[in-house]
Structures are given as structure tokens and as C-alpha cells.
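Protein chains: 2
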Amino acid sequence: MLDIESGELISTSVMSSITIDCTIFGFENGSLEVLLVKHAKGISEGKWGLPGGWIQEVESIDAAAHRLLRELTGLENIYLEQLKAFGEPDRFPLGRVITVGYYALVKREDYSVKAGFTASEAKWFKIAEVPELIYDHTQILEYSIQNLRKRVRQAPIGFNLLPEKFTLLQLMQLYQEILKVEMDKPNFRRKFLRMKLLVDINEKQKDVSHRAAKLYKFDNNTYQKLTEKGFNFEF
Amino acid sequence: MLDIESGELISTSVMSSITIDCTIFGFENGSLEVLLVKHAKGISEGKWGLPGGWIQEVESIDAAAHRLLRELTGLENIYLEQLKAFGEPDRFPLGRVITVGYYALVKREDYSVKAGFTASEAKWFKIAEVPELIYDHTQILEYSIQNLRKRVRQAPIGFNLLPEKFTLLQLMQLYQEILKVEMDKPNFRRKFLRMKLLVDINEKQKDVSHRAAKLYKFDNNTYQKLTEKGFNFEF
DNA sequence: TAAACTTGTAGTCAATTAAACCATAAGATA
DNA sequence: TATCTTATGGTTTAATTGACTACAAGTTTA
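Just so you know, the sequences run in chain order A and B. In this text, residue positions in the first sequence follow our numbering: the first is 1, and each later residue adds one. In this text, residue positions in the second sequence follow our numbering: the first is 236, and each later residue adds one.
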């Protein structure tokens with residue numbers, strides 16, 4: 001099959017006219033960031049876009065998204081969820097292609113850029129500094145951010161952006177950054193601790209130039225129990 | 236193009252390997268129902284499934300879903316939202332086809348079955364009485380119900396299932412039916428009225444064999460305002 | 001070494017909200 | 001008229017929220 005974007009021959013074992021595109025979120029130094037790739041060839045050469053690719057004939061859409069992430073980041077167990085399908089007739093300039101959007105949350109401590117992707121370069125961008133993107137990727141990114149804001153208030157998915165062990169302040173700053181709100185430290189503590197979702201691991205921060213804060217882990221067990229009867233995350 | 240399901244020739248102006256399927260919800264006599272169609276020809280003859288169809292080369296996915304609804308029900312302004320794309324490699328027995336799931340909410344008072352769809356018959360089923368469905372439609376329906384439960388607690392979309400004018404008890408029963416919970420009448424009233432989303436139209440029920448309840452309308456204006464700063468619908 | 005500074009953690013208090021009730025009103029039916 | 005059903009208005013208690021104060025535990029600076 002002829003790749004309508006690069007003009008090269010690609011495997012005939014992929015579905016034509018359907019792709020996936022993934023917004024990969026990371027959290028570093030108090031800022032929410034996304035991983036973008038620079039397209040090396042084809043009509044969009046030199047422009048930045050969301051990582052994406054084709055779906056193979058024999059793999060599910062989810063599997064394709066996981067494969068894409070593995071190829072790009074080397075990570076296996078990434079938090080990944082489908083957003084929706086984007087399918088304006090003119091979204092792709094060289095033909096009718098529908099794309100299935102995904103968003104992923106990665107722990108930056110685990111992440112290392114992997115070379116050899118079909119894009120020449122991959123780079124983290126702060127949300128506010130994202131450049132103009134190819135096709136409808138700006139729209140997909142915007143939708144991803146809205147979705148992240150919504151989801152983070154309904155389930156504790158924010159943990160996927162933090163290291164294994166984190167402080168309550170880090171957690172609060174994550175929420176502040178994603179939701180773009182100011183919060184009160186004592187109130188946040190109380191509210192979050194009451195949910196019983198955090199395990200006190202009896203460790204403290206090291207090498208900080210102030211009083212060291214307690215470190216916590218996320219307790220997935222109680223989360224599962226709470227989820228069943230439905231609960232809320234308003235701050 | 237050969238329709239892989241019916242074996243008939245269909246217009247070549249549709250995308251191959253992508254379809255849409257739509258869960259249409261209705262509310263009648265206190266029960267949540269879905270509209271299913273019986274397939275008349277092809278390998279799934281005689282079996283029930285969600286209404287679905289192909290996407291034309293020049294229309295957006297959303298437009299295709301709206302067209303499908305118009306063809307099936309004759310209604311133009313239906314509440315419609317995309318769920319997600321379903322794409323297990325083996326979901327469709329005769330080839331690799333990805334489907335984009337939608338769900339719609341209709342007012343039963345507006346609805347009348349429209350003949351001449353590619354299915355021989357269309358019928359409303361109570362959720363608990365839905366028969367075995369073709370392909371992965373049971374899974375799509377299940378996902379739709381979960382999604383409806385989630386959405387109904389985040390935005391007042393339930394109104395789309397009720398007549399223009401309704402009583403507070405009808406509204407409460409709708410929530411009870413969708414969420415499968417028992418609620419307290421006085422508390423529900425107070426909570427809902429406080430949101431200022433209902434307009435008292437100074438009318439009462441007629442022909443009921445008990446004290447007539449006030450009728451209300453949904454106030455879309457205040458809803459738009461409230462939505463901007465985000466609010467919650469827990470009951 | 002002491003003071004100043006930074007961040008963590010505990011507690012207080014008024015205002016709001018939620019949940020479980022009880023009570024009465026407004027009809028219709030027997 | 002009595003009784004039944006549903007509508008609607010209150011009360012009470014406990015829990016939660018939001019704004020704020022205070023102090024603890026370290027580091028850095030003077």
C-alpha cells in the first residue's frame with residue numbers, strides 16, 4: 001500500500017483510512033507537558049504533531065495504541081485511554097482518513113526518548129508552549145486536555161503522572177496545574193487523607209532545603225472498592 | 236462496492252471498513268428503553284442489533300450518525316453524542332470493520348417508527364429485556380448504559396428523555412431508573428430547585444387521579460451559564 | 001549560635017450542605 | 001365524610017467546606 005503521507009510503500013497489513021493519534025501527558029517541575037514528534041518526511045515535514053500511526057489488520061485499536069507507545073517510549077505499562085474518533089472529511093489533506101484519539105499519562109522518571117521512530121525527533125512541550133500542529137492535532141490536543149480535566153475530578157488518574165512515592169504538596173500542585181486553580185494546603189490534605197487512598201509508607205523526602213514531607217503511595221485496593229459505589233473528586 | 240453483510244452492491248461513495256452504531260435511549264412508563272432493529276438480510280438475518288450504517292466519503296462521522304437517526308426515526312434534532320470507536324479484530328465476522336459508537340436520547344412523545352430502513356423492523360426494548368444482539372452490540376450497549384449513568388450525573392442530559400413539560404416526580408423517577416437507586420422526594424425537590432435549572436410554567440397535570448403536580452420546563456439558559464464554571468449532579 | 005525563612009502539619013470556626021425524617025396540603029375516590 | 005394517594009413544605013442532626021490561625025521541623029543566613 002502506498003503511504004499517502006510519506007509517499008513510501010508501507011506494509012499491506014494495515015488498515016487504510018484509519019489511524020491512531022495519542023496525546024502523551026507528563027508532569028515535570030510543576031508543569032503539565034505533552035510529548036510531540038517532528039515529522040521527518042512527507043507533506044508535513046518539519047512540523048510538529050501528536051505521535052500516531054496505522055492500525056494493523058490483526059490488532060485491536062487499543063493494541064495499536066499500546067504498540068505505538070512502546071515503539072516511541074519503550075514503556076510497556078502506560079496508562080492509556082481512548083478519547084473518541086475524529087473524522088471531519090477534510091481533516092487530512094491527502095484523502096479521507098479517520099483517526100482514533102488516545103491520551104496517555106506517563107511518569108517522567110520512567111521515560112526516556114527512544115530513537116528510530118518514523119519521526120526524526122520527539123520533545124516535551126509545556127501546554128502553553130505547544131506550537132502549531134499538523135492536521136487537526138491542535139483540536140485533538142485541546143480535547144485531550146479538556147478530557148484530562150474532567151477525568152481527574154472523577155477518578156484518581158493523576159497518580160499516573162507522579163513518581164511512585166510523592167508528597168501531598170506534589171499531589172496538590174498536580175491538581176492545581178491541571179485544573180488551573182489555587183488550593184488551600186490544610187484543606188487539601190484533610191480531604192485527600194479522608195478518602196483513604198494514600199498509604200503512609202513512613203518515609204520522608206531527602207535532600208530538600210526545608211522540613212522534609214512525608215512520602216505516600218497510592219492505594220489501588222481501596223480505590224477499586226470506592227469506585228464500585230461511585231465517588232467524587234471535587235476540590 | 237459489495238456490501239459484505241447483505242451481499243448487495245452498495246454505493247461506492249461510502250468508506251469501507253468503518254461503520255457507525257447507535258444506542259437510542261427512550262423513557263416510557265418509568266422504564267429506560269432502547270430502540271433495536273431486526274436485520275432482514277445477510278448473515279445476521281432475524282437477529283436484533285443496534286441501528287447502524289456506513290459513513291459516506293464526504294460526510295463527518297457525526298453527520299453520518301445524524302443522518303442515520305433521521306432515516307430511522309424521522310427526527311432532526313436529537314441529542315446525540317459519540318461514545319468511542321470499537322475495533323476488536325474479530326468483532327465483525329466477515330472482515331475487519333471498526334465501528335464508531337454513538338448514543339442518542341429521544342423524547343418518546345416525538346417518536347414514530349419509520350419504515351423502509353434496511354432492517355425489516357424496529358422495536359423498543361426495556362433494558363432488562365434486550366435479547367442477544369449481533370456482533371459486539373451487546374458490549375456497545377453495555378458501554379452506552381454505563382456512559383449514560385456517568386453523564387447523567389455530570390450534566391442535565393436527562394431532560395432529553397422527558398416531554399417538554401414534566402413534573403418533579405417524573406424527573407426523579409428518571410434518575411432513579413437510570414441510576415438504579417432510591418431517592419427521597421423532598422430532598423430531591425429541594426436539591427434540584429436550588430440549581431435554578433427548572434422554570435415553573437404555572438401549569439398543572441391534568442387527568443390524574445390524585446393531587447396534580449406542577450409542571451416544569453428545563454431552562455437551557457441557566458444551564459449554559461452554570462456549565463461554564465462547572466457543577467455537579469450528585470443525588 | 002540565633003534569627004529568619006521555608007515548608008509541613010494540626011486545629012478552629014462559621015457557613016453550607018446532606019440525609020433522614022415528620023407533617024400537612026390538595027385533590028380524587030369510595 | 002372518610003380515606004387514599006401524591007405533592008410539597010419544614011425540622012433536625014451530622015457531615016463537609018472554606019477561610020484562617022498557629023505551630024512544628026527543618027535550612028539558611030547573619
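Here a beta-carbon is modelled for each residue, glycine too, at the ideal position from N, C-alpha and C.
Quick check: the segment 124–141 of chain A against the segment 73–91 of chain A, are at least 3 beta-carbon pairs closer than 8 Å? Yes, since at least three Cβ pairs between the segment 73–91 of chain A and the segment 124–141 of chain A fall closer than 8 Å, the two stretches touch.
The beta strand (DSSP E) enclosing T138(A), as first and last residue numbers: The residue you call residue 138(A) lines up with position 138 of the first sequence. DSSP places T138(A) outside any beta strand (DSSP E); the residue lies instead in the alpha helix (DSSP H), whose first and last residues are H137 to V152.
Once you ignore the five residues that flank Q205(A) on each side, which residues in its own chain have a CB closer than 7 Å to its CB? For this step, residue 205(A) is matched to residue 205 along the first sequence. In chain order, T167, A212, A213 and L215 place their CB closer than 7 Å to the CB of Q205(A), counting only its own chain and leaving out the 5 sequence neighbours on each side.
Could you check how far apart the C-beta atoms of E268(B) and I362(B) are, in whole angstroms? I think they sit under 8 Å. In the second sequence, residue 268(B) corresponds to position 33, counting from 1. In the second sequence, residue 362(B) corresponds to position 127, counting from 1. Indeed they touch by this definition, with Cβ atoms about 7 Å apart.
Give the residues of chain B in contact with P131(A), contact being defined as C-beta atoms less than 7 Å apart. Counting from 1 along the first sequence, the entry for residue 131(A) is found at position 131. Going along chain B, no residue has its Cβ under 7 Å from P131(A), so there is no contact; the nearest lies around 26 Å.
Classify A339(B) as helix, strand or coil using the three-state DSSP reduction. As a position in the second sequence, residue 339(B) is number 104, starting the count at 1. Under the three-state reduction of DSSP, A339(B) is assigned to strand.
Chain B residues whose Cβ lies nearer than 7 Å to that of R96(A): Walking along the first sequence from the start, residue 96(A) turns up at place 96. Neighbourhood of R96(A) in chain B, by CB distance below 7 Å: M250 and E292, in chain order.
Relative to the C-alpha of A339(B), which candidate in Q408(B), G287(B) and P328(B) has its C-alpha closest? Working through the second sequence from its first residue, we reach residue 339(B) at position 104. Nearest C-alpha to A339(B): G287(B).
With contact counted as at least three CB pairs below 8 Å, one residue from each stretch, are the segment 403–420 of chain B and the segment 300–317 of chain B in contact? When Cβ pairs closer than 8 Å are counted between the two stretches, the segment 403–420 of chain B is seen not to touch the segment 300–317 of chain B, the count staying below three.
Leaving out the 5 sequence neighbours to the left and right, which residues in its chain are closer than 7 Å to I255(B) when beta-carbon positions are compared? The residue given as residue 255(B) occupies position 20 in the second sequence. These residues qualify, in order along the chain: G287, G288, I290, I296, A299, A300, L303, T334, V335 and Y337.
With 8 Å as the threshold, decide whether the Cβ of S379(B) is near any Cβ in chain A. As a first step, residue 379(B) is located in the second sequence; it is residue number 144 there, counting from the start. Output row for S379(B): interface = no.
What's the call for M250(B), buried or exposed, on a 16-neighbour Cβ count within 10 Å? What you label residue 250(B) is simply residue 15 of the second sequence in a count that begins at 1. The C-beta of M250(B) has 16 or more other C-beta atoms within 10 Å across all chains shown, which makes the residue buried.
Given this structure, state the Cα-to-Cα distance separating Q317(B) from S209(A), to the nearest angstrom. Locating residue 317(B) in the second sequence gives position 82, where the first residue counts as 1. Locating residue 209(A) in the first sequence gives position 209, where the first residue counts as 1. Taking C-alpha positions only, Q317(B) is separated from S209(A) by approximately 50 Å.
Taking 8 Å as the CB-CB limit, is A300(B) close to chain A? By 1-based counting over the second sequence, the position of residue 300(B) is 65. For A300(B), the answer is no, since every Cβ of chain A falls outside 8 Å of its Cβ.
Using only the alpha-carbon positions, how far apart do G393(B) and R386(B) sit? Locating residue 393(B) in the second sequence gives position 158, counting from the first residue. Locating residue 386(B) in the second sequence gives position 151, counting from the first residue. G393(B) and R386(B): Cα-Cα distance of roughly 9 Å.
Go through its chain and collect everything with a Cβ distance to Q176(A)'s Cβ below 6 Å, but skip five positions before and after it. The sequence position of residue 176(A) within the first sequence is 176, counting from 1. Contacts found: M183.
Buried or exposed: I43(A), going by 16 or more other Cβ atoms within 10 Å of its Cβ? One-based indexing of the first sequence puts residue 43(A) at position 43. Classification for I43(A): exposed.
Taking 8 Å as the threshold (beta carbon to beta carbon), is V387(B) in contact with chain A? One-based indexing of the second sequence puts residue 387(B) at position 152. No - not a single Cβ of chain A is within 8 Å of the one on V387(B).
Chain B contact residues for N280(A), given Cβ-Cβ distances below 8 Å: An answer regarding residue 280(A) cannot be provided, because it is not within the stretch 1 to 235 covered by chain A.
Taking 8 Å as the threshold (beta carbon to beta carbon), is S295(B) in contact with chain A? Along the second sequence, read from residue 1 onward, the residue named residue 295(B) stands at position 60. Yes, because at least one Cβ of chain A sits closer than 8 Å to the Cβ of S295(B).
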